[in-house]
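Undergrad: Chains as they are written, first to last, in our numbering: chain A, 5 to 234; chain B, 5 to 234.
Protein chains: 2
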Amino acid sequence: MGPTQPERWVRERLGHSPRDPALFVSALTHRSAGGAHNERLEFLGDAALNFLIAHQLYRAFPAADEGDLSRLRARLVSREPLAEIAAAHDMRAVLHLGAGELKSGGFRRQSILADALEALLGALYLDAGLAGLEPVVERLFGPRIAALPEPASLKDAKTRLQEYLQSRGLALPRYTVLAIAGEDHAQRFTVSCEAAPLRLSGRGEGSSRRRAEQGAAAAVLAQLGAGVDG
Amino acid sequence: MGPTQPERWVRERLGHSPRDPALFVSALTHRSAGGAHNERLEFLGDAALNFLIAHQLYRAFPAADEGDLSRLRARLVSREPLAEIAAAHDMRAVLHLGAGELKSGGFRRQSILADALEALLGALYLDAGLAGLEPVVERLFGPRIAALPEPASLKDAKTRLQEYLQSRGLALPRYTVLAIAGEDHAQRFTVSCEAAPLRLSGRGEGSSRRRAEQGAAAAVLAQLGAGVDG
């Protein structure tokens, strides 16, 4: 208990023996607790994490373009995956929060966990340099990087269909609004997508024209089969 | 001329002798030129630059909070300052662009220069590691970091006035809309700001309520004098 608890957690969970334990106590202290809190460390850790993940993705996906790499990174370093990693390592038990924050749930609790994980990575960087941070990031994020989907599958259906056609020198699909139903504030759009060169067409429905178009493109892609995802 | 020109530029301008010159040729090639272009390197360089600048600001401004640090960083690594640095080093002369892009000006040219500078930093990182990149970033950005304003002055007027009052335990200012004039698409708002505990008030005008409030807060701050900026 007390100030040695975070230190033990860092040793057991991150495999690092703090040279400066106070850094890690700050990293695990939310601003609501008062005193030295983790927001500056979070700024630093966020930047270090984004950089290391960028480099790992750059190496792991040599054929991915800049947009793919950005989308893949967002899957790894946004609030939700960070909070999951923090929760999987029982970070909650060593987080120092104000009384009110202890009861918060959902989105807010996720943010607090995600921010504290970034702050811990910032503390680790200050304590051990990039050489100390890199293996920890590798360990925490490696399995998630290995499990990432093919970059192409992160693109929306319209983009994928367009690229499929363009790469074969075929004419682009045509989207037509077939119907708009419902009141002004709750409209439903029905759109068709015709890919004439493929002799395929599909229909989509949605609360906006854009969503309906995506659905129609997805319907055409589904007829093309799994090959388009790769 | 030819492929050795970028290499000479990197040597003279960045003080680095490329181990893999092809990396730097790619970094200086816009996608409009065809072939191996700089977008993946830009993704990597952007991340590396954001990280190094974050660390430098973290050290240089020990009293700045996370918001201050983010605002300061934006001043250094956004399109405009990056394009200025690229232009100051005659990067235009070694950039490889498609015919159409050569004529572009303004915003578009700025983006191309800024992106290529980031790509160069990415290439430098791959070629020489963080140890090779760090001194170059230091040299390119150091003078700009030294010239940064005090973090507090980057905050908007309403925030500064609020913090001034809060730090003295005084009541917050009151904003009142005095008038809304003009047609729907071109409204003008007039707002007053009363800081009762200071016996000060000010007026602001603008195309939105928010802008008018900022003007009114600035008018009160002006009466308080320069001390609030520091």
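For every residue, glycine included, the Cβ atom is placed at its ideal position computed from N, Cα and C.
1. When you compare the CB positions of V140 (chain A) and Q60 (chain A), do they come within less than 9 Å of one another, or not?
2. For S115 (chain B), which residues of its own chain have a beta-carbon under 7 Å away from its beta-carbon, when the five flanking residues on both sides are left out?
3. By how many angstroms is the C-alpha of A78 (chain B) removed from the C-alpha of A91 (chain B)?
4. Please classify S94 (chain A): is it buried, with 16 or more other beta-carbons within 10 angstroms of its beta-carbon, or exposed?
5. Grouping DSSP H, G and I as helix and E and B as strand, with all else coil, what is G173 (chain A)?
6. Can you list the alpha helix (DSSP H) stretches of 4 or more residues lying completely in the region 134-186 of chain B, in chain order?
7. Determine the closest residue to L165 (chain B) out of B:G210, B:H41, B:Y179, with distance taken between C-alpha atoms.
8. Are any of the Cβ atoms in chain A nearer than 9 Å to that of D24 (chain B)?
9. Any beta carbon of chain B sitting closer than 9 Å to that of A68 (chain A)?
10. R207 (chain A) by DSSP, collapsed to three states: which one?
11. Closest to Q191 (chain B) by CA distance: which of B:A216, B:A31, B:A199, B:A52 is it?
12. If you measure between the beta carbons of T163 (chain A) and H100 (chain A), is that distance less than 9 Å?
13. With a threshold of 7 Å on Cβ separation, who are the neighbours of I89 (chain B) within its own chain once the five nearest residues in sequence on each side are excluded?
14. Pop quiz: A161 (chain B) and Q227 (chain B) are said to be a contact at Cβ under 8 Å. What is the actual Cβ separation, rounded to whole angstroms?
15. What is the C-beta distance between L45 (chain A) and A135 (chain A), in whole angstroms, given that I count them as a contact (C-beta under 8 Å)?
16. Which residue marks the beginning of the alpha helix (DSSP H) containing A40 (chain B), and which one marks its end?
17. The region 27-46 of chain B: which residues have C-beta closer than 7 Å to a C-beta of chain A, in chain order?
18. Would you kindly report the start and end of the unbroken alpha helix (DSSP H) that includes R83 (chain B)?
19. Taking only beta-carbon positions, decide if L48 (chain A) is within less than 9 Å of chain B.
20. Residues of chain B with CB closer than 8 Å to the CB of L134 (chain A), please, in chain order.
21. May I ask which residues mark the beginning and end of the alpha helix (DSSP H) holding V98 (chain A)?
22. Find the nearest neighbour of A156 (chain B) within the set B:S212, B:A223, B:E167, B:R148, judged by alpha-carbon distance.
23. Chain B partners of H100 (chain A), CB-CB under 8 Å?
24. Determine the direct distance from the alpha carbon of A52 (chain B) to that of P7 (chain B), and round the result to whole angstroms.
25. Considering only residues of the same chain and omitting the five flanking positions on each side of A48 (chain A), which have a CB-CB separation below 6 Å?
26. Can you name, in chain order, every residue of its own chain whose Cβ lies under 7 Å from the Cβ of S21 (chain A), other than the five neighbours on each side?
27. Taking the alpha carbon of A132 (chain A) as the point to measure from, which residue in A:Q9, A:D24, A:K159, A:R17 has its own alpha carbon closest?
28. Using a 10 Å radius around the Cβ and a threshold of 16 neighbouring Cβ atoms, would you call I149 (chain B) buried or exposed?
29. When you compare only the Cα positions, how much space is there between P177 (chain B) and Q9 (chain A)?
30. Could one say the Cβ of A127 (chain A) lies closer than 9 Å to chain B's Cβ atoms, at least one of them?
31. Tell me, please, whether the CB atom of S82 (chain A) is closer than 9 Å to any CB atom in chain B?
32. So which residues on chain A does S74 (chain B) lean against when the C-beta distance must stay under 9 Å?
33. Please list, in chain order, all residues of the same chain as G206 (chain B) whose beta carbon is under 6 Å from its beta carbon, the five residues on each side excluded.
34. Name the chain B residues that come within less than 8 Å of G55 (chain A), Cβ to Cβ?
35. Should S30 (chain B) go down as buried or exposed, given a rule of 16 or more other Cβ atoms within 10 Å for buried?
36. Of the choices B:R213, B:R214, B:L169, B:I184, whose alpha-carbon is the least far from that of L204 (chain B)?
TA: Reading it off the structure:
1. no
2. R83
3. 19 Å
4. The displayed chain sequence assigns Asp, not Ser, to residue 94 (chain A). So D94 (chain A) counts as exposed.
5. coil
6. 161-171
7. B:Y179
8. Under the Cβ distance rule, D24 (chain B) does not count among the residues neighbouring chain A, no pair being separated by less than 9 Å.
9. yes
10. strand
11. B:A216
12. Their beta carbons are not under 9 Å apart, which means T163 (chain A) does not touch H100 (chain A) by this criterion.
13. For I89 (chain B), where only same-chain residues beyond five positions count, the Cβ hits under 7 Å are L121, L144.
14. No, A161 (chain B) and Q227 (chain B) are not in contact; Cβ-Cβ is about 12 Å, not under 8 Å.
15. No, L45 (chain A) and A135 (chain A) are not in contact; Cβ-Cβ is about 19 Å, not under 8 Å.
16. Where A40 (chain B) is concerned, there is no enclosing alpha helix (DSSP H), given that its DSSP letter is neither H nor E.
17. E43, R44, E46
18. 83-92
19. yes
20. L134
21. It is not in any alpha helix (DSSP H) - V98 (chain A) carries neither H nor E in the DSSP assignment.
22. Comparing Cα-Cα distances from A156 (chain B) to each of B:S212, B:A223, B:E167, B:R148, the minimum goes to B:E167.
23. Within chain B, no residue comes near H100 (chain A); the closest Cβ sits about 17 Å away, beyond 8 Å.
24. In this prediction, P7 (chain B) scores a pLDDT of 45, lower than 50, which makes its location untrustworthy; no coordinate-derived value is stated.
25. The sequence shown places Leu at residue 48 (chain A), rather than the Ala named in the question. Once the five neighbours on either side are set aside, the close Cβ partners of L48 (chain A) are G126.
26. R15
27. A:D24
28. buried
29. 44 Å
30. no
31. no
32. Within chain A, the residues near S74 (chain B) are F47.
33. C197, A220, A223, V224
34. Reading the sequence as shown, one finds Phe at residue 55 (chain A) and not Gly. Ordered by position in chain B, the residues that pass the 8 Å Cβ test against F55 (chain A) are A51, A52, N54, F55.
35. S30 (chain B) should be labelled buried.
36. B:L169
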